[in-house]
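Residues 219 to 398 in my numbering are what the sequence shown spells out, letter by letter.
Backbone N, C-alpha and C fix where the C-beta goes; we use that ideal spot for every residue, glycine too.
This structure is a prediction, so every number in the text was calculated from the model and none was measured.
Below: one structure, written as structure tokens.
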Amino acid sequence: MAPARRPNPEKTAHAVLERMAIHGVPVPVDRIAKDMGATLRYSPLDDELSGMIFVKDGRPIIGINALHHPNRQRFSIAHEIGHLEMHRDLITEKVHVDKEFRIELRALRRDAASALGTDIIEIEANRFAAALLVPDFFIEKALASRRFDIDDDAPIEDLARQLRVSKQMLEYRIRNLPKR
Ligand SMILES: [Zn+2]
Numbered sequence: 219m220a221p222a223r224r225p226n227p228e229k230t231a232h233a234v235l236e237r238m239a240i241h242g243v244p245v246p247v248d249r250i251a252k253d254m255g256a257t258l259r260y261s262p263l264d265d266e267l268s269g270m271i272f273v274k275d276g277r278p279i280i281g282i283n284a285l286h287h288p289n290r291q292r293f294s295i296a297h298e299i300g301h302l303e304m305h306r307d308l309i310t311e312k313v314h315v316d317k318e319f320r321i322e323l324r325a326l327r328r329d330a331a332s333a334l335g336t337d338i339i340e341i342e343a344n345r346f347a348a349a350l351l352v353p354d355f356f357i358e359k360a361l362a363s364r365r366f367d368i369d370d371d372a373p374i375e376d377l378a379r380q381l382r383v384s385k386q387m388l389e390y391r392i393r394n395l396p397k398r
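Written out as structure tokens, the structure is:
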């Protein structure tokens, strides 16, 4: 079987932001999910569970761990939106469960060793989430003002606060910026 053409997660995230006319941060991921027709459900889950998604009768349902830090919940929502945008056939009538945030963060890296099966869709959803939460327009502005110095913690922390993402997530996004 020939390998299927894969979506470009960064371009897909950019297109979603354009479609929803979002030009500011923090990116309202809950509003994006709702505008896509999804229902968000927050419930207390085991700590290793970050989120889940499935589409039932054409209606997407996103489950989020109510016990997690809000930044982590935002990442989980963005990750699930990525599945909805890019992998809809895989989540229809079949619950997709996401575990272990640390593994997900590692999977954000382009050089991640895993290249088969579900790992590909997780990497794509993570790249989508990073590009959605840290939009191109924001990065370009910050780069223009030379505020991205990976060795200097304070500006990164400040940017992460504005974006309402973890510092770690922002660093991954900066390190994995598409070449231009
Ligand atoms: Zn996933």
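Check whether the region 301-321 and the region 263-273 are in contact - that is, three or more C-beta pairs closer than 8 angstroms. yes
Could you tell me which residues DSSP pairs with I271 in its beta bridges? Sequence index remark: in the sequence shown, residue 271 carries index 53 (1-based). I271 is bridged to I280 and H314.
Less than 7 angstroms separating the beta-carbons of P227 and E342? To locate residue 227, count along the sequence shown from 1; it is residue 9. To locate residue 342, count along the sequence shown from 1; it is residue 124. Contact flag set, yes.
Starting from the Cα of S261, find the closest Cα among A251, N283 and D253 and give me that residue. One-based indexing of the sequence shown puts residue 261 at position 43. Relative to the Cα of S261, the nearest Cα in the group A251, N283 and D253 belongs to N283.
Flag D316 as yes when its Cβ comes closer than 6 angstroms to any non-hydrogen atom of ligand 1, and as no otherwise. Residue 316 sits at position 98 when you count from the first residue of the sequence shown. Flag set: Cβ of D316 near ligand 1.
Any idea if A251 is buried or exposed, counting beta-carbon neighbours within 10 angstroms, 16 or more meaning buried? Taking the sequence shown and counting its residues from 1, the one referred to as residue 251 is at position 33. Answer is buried; the Cβ neighbour count reaches 16.
Separation of K359 from H301, as counted between CA atoms: The sequence position of residue 301 within the sequence shown is 83, counting from 1. The sequence position of residue 359 within the sequence shown is 141, counting from 1. The straight-line gap separating the alpha-carbon atoms of H301 and K359 is approximately 28 angstroms.
Which residue from H287, E266, D275 and H297 puts its Cα closest to that of L351? Against the sequence shown, residue 351 aligns to sequence position 133. The shortest CA-to-CA distance from L351 to any of H287, E266, D275 and H297 is the one to H297.
Less than 8 angstroms between the CB atoms is what I'm expecting for R382 and N289, so what's the real figure, rounded? Translated into positions along the sequence shown, residue 382 becomes position 164. Translated into positions along the sequence shown, residue 289 becomes position 71. So it is a contact: roughly 6 angstroms between Cβ atoms.
With distances taken between CB atoms, is the gap from H241 to D354 smaller than 7 angstroms? As a working note, residue 241 is residue 23 in the sequence shown. As a working note, residue 354 is residue 136 in the sequence shown. The answer is no: Cβ separation not under 7 angstroms.
Is A343 a contact residue of ligand 1, with contact defined as CB to any heavy atom under 6 angstroms? If you number the sequence shown from 1, residue 343 lands on position 125. Yes, since a heavy atom of ligand 1 falls inside the 6 angstroms radius drawn around the Cβ of A343.
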